[in-house]
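Engineer: Residues 1020 to 1305, numbered by the numbering used here, are exactly what the sequence shown covers, in order. Even for Gly, the Cβ is constructed at its ideal location relative to N, Cα and C. Note that the coordinates shown come from a computational prediction; the quantities given were computed from them, not determined experimentally.
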Amino acid sequence: VPTADIAQLSKDKRVALSSAVSNRIIYLHIDSNREKSSPFVTTADGKPLEANPLRDPRVRHAISKMIDRDVIVARIMEGQGVPAGQLLPEQFFGTSKTLKPDKYDPAAAKKLLADAGYPNGFGLTLHAPNNRYINDAAVAQAVAQFMSRNGIPTKLETMPSNVFFSRGSKLEFSIMLVGWGAETGETSSPLRALLATFDQKQGLGTANRGRFSDAGVDALLAQALTTIDDTKRGIMLARASEKAIGEMMGLVPLHYEVSTWATRQGLTYKARADQNTYAFDVRPGK
């Protein structure tokens, strides 16, 4: 159900709604790989910038603190989202109990920028799809506005998803709004695809379009992937997330999508975290 229709449908006695927090995270992938200039990074007044500020974890943490996730969820997603601080909601296997969504803190963001050597900020262009995720273009616009307001003047360019993913896979962007659904239901899937060092032969970092790389994260993930004991594996996956996001901010989590289905009264639908719709999940109502 589109978010704009939920309020009206919830008042309709002929309709039953069912919702679930999904395993799809919406996040920002950031070019943390290029040492010199990144293609869409400039000085605050639009001039070429020789060094890539996005390589500095302090800058990536600053970007995270510039964004008010609560406002995005409430206003843009119309309540159909949950602010994110890691790759999956806490109820999923391998998540961290300590990683929480960053609070909106412009003062802390500006201090981090200054500490990183950018007291006057710098310019960026954010790229996003406009037909792939729930309210994706509107979310991207809100992100760009928050960043512009808090020290990083940000332009926005949206495009159809087929163009977006083709360009993103060629590493054409400096910062991009993306989503990932972990259909395995645990964190090794997004860790392996989004934050592992890119290695085509081993199938690692296949969707790591920011080319984030950290040997410590890779080691924890490799150990987890070869550990049979569930408890130990879960702890290792949580530690990998804590290092990749909590310490390094290899990507910026924004929110988890909430999915809602509508059926006629007399039927119920078992809402699914994977956002799939199957006829066999429809049941007679109680």
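(1) By DSSP, does residue 1112 sit in helix, in strand, or in coil?
(2) For residue 1235, I'd like the list of residues in its chain whose CB is within less than 6 Å of its CB, leaving aside the five on either flank, ordered along the chain.
(3) Which residues mark the beginning and the end of the beta strand (DSSP E) in which residue 1042 is found?
(4) Between which two residues does the alpha helix (DSSP H) harbouring residue 1131 extend?
(5) Within the continuous alpha helix (DSSP H) that includes residue 1084, where are the two ends?
(6) Out of 1158, 1059, 1138 and 1034, which has the shortest C-alpha to C-alpha gap to residue 1194?
(7) Skipping 5 residues on each side, what residues in its chain have a beta carbon closer than 7 Å to that of residue 1022?
(8) Given 8 Å as the limit, is there contact between the segment 1066-1074 and the segment 1232-1251, that is, 3 or more CB pairs closer than that?
(9) Beta-carbon separation of residue 1139 and residue 1180 under 8 Å?
(10) Below 7 Å, is the gap between the Cβ of residue 1163 and the nearest heavy atom of the ligand ADP?
(11) What is the rounded straight-line gap between the Cα of residue 1041 and the Cα of residue 1209?
(12) Can you check the segment 1208-1260 for any alpha helix (DSSP H) of at least 4 residues that lies completely inside it and give the ranges in chain order?
(13) Helix, strand or coil for residue 1028? Go by DSSP, reduced to three states.
(14) Starting from residue 1278 and walking both ways along the beta strand (DSSP E), at which residues does that stretch end?
(15) Could you give the distance in angstroms between the alpha-carbon of residue 1229 and the alpha-carbon of residue 1166?
(16) Nearest by alpha-carbon distance to residue 1277: which of 1130, 1044 and 1026 is it?
(17) Quick check on DSSP: helix, strand or coil for residue 1020?
(18) By how many angstroms is the C-alpha of residue 1199 removed from the C-alpha of residue 1169?
(19) Of the choices 1293, 1280, 1290 and 1057, whose alpha-carbon is the least far from that of residue 1034?
(20) Within this structure, are the beta carbons of residue 1056 and residue 1050 separated by less than 8 Å?
Structural biologist: Taking the structure as given:
(1) Stepping through the sequence shown from its first residue, residue 1112 is reached at position 93. Of the three classes helix, strand and coil, the one that applies to residue 1112 here is strand, per DSSP.
(2) To locate residue 1235, count along the sequence shown from 1; it is residue 216. Excluding sequence neighbours, residue 1235 sits near 1262.
(3) If you number the sequence shown from 1, residue 1042 lands on position 23. Per DSSP, residue 1042 belongs to the beta strand (DSSP E) from 1034-1049.
(4) Taking the sequence shown and counting its residues from 1, one reaches residue 1131 at position 112. Residues 1125-1134.
(5) Within the sequence shown, numbered from 1, the residue matching residue 1084 stands at position 65. From DSSP, the alpha helix (DSSP H) with residue 1084 extends over 1076-1085.
(6) In the sequence shown, the residue the question calls residue 1194 occupies position 175. Closest by alpha carbon: 1059.
(7) Along the sequence shown, one-based indexing puts residue 1022 at 3. Excluding sequence neighbours, residue 1022 sits near 1096, 1097, 1099, 1153 and 1154.
(8) no
(9) Sequence index remark: in the sequence shown, residue 1139 carries index 120 (1-based). Sequence index remark: in the sequence shown, residue 1180 carries index 161 (1-based). The answer is no: Cβ separation not under 8 Å.
(10) Of the ligands one can find in the structure shown there are none, so the ligand ADP has no counterpart to examine.
(11) Taking the first residue of the sequence shown as 1, we reach residue 1041 at position 22. Taking the first residue of the sequence shown as 1, we reach residue 1209 at position 190. Cα to Cα, residue 1041 sits roughly 14 Å from residue 1209.
(12) 1234-1244 and 1249-1260
(13) Here residue 1028 corresponds to residue number 9 of the sequence shown, with the count starting at 1. Residue 1028 falls in the helix class under three-state DSSP.
(14) Within the sequence shown, numbered from 1, the residue matching residue 1278 stands at position 259. First-last of the beta strand (DSSP E) with residue 1278: 1270-1283.
(15) Working through the sequence shown from its first residue, we reach residue 1229 at position 210. Working through the sequence shown from its first residue, we reach residue 1166 at position 147. Each residue's Cα considered, the two are about 19 Å apart.
(16) Position 258 of the sequence shown holds residue 1277. Answer by Cα proximity: 1044.
(17) Sequence index remark: in the sequence shown, residue 1020 carries index 1 (1-based). The answer is coil: DSSP assigns residue 1020 none of H, G, I, E or B.
(18) Taking the sequence shown and counting its residues from 1, one reaches residue 1169 at position 150. Taking the sequence shown and counting its residues from 1, one reaches residue 1199 at position 180. Those two C-alpha atoms are separated by around 27 Å.
(19) To locate residue 1034, count along the sequence shown from 1; it is residue 15. Nearest of 1293, 1280, 1290 and 1057 to residue 1034, Cα basis: 1280.
(20) For the purposes of this step, residue 1056 is taken as the residue at position 37 of the sequence shown. For the purposes of this step, residue 1050 is taken as the residue at position 31 of the sequence shown. Not a contact, by the Cβ cut-off of 8 Å.
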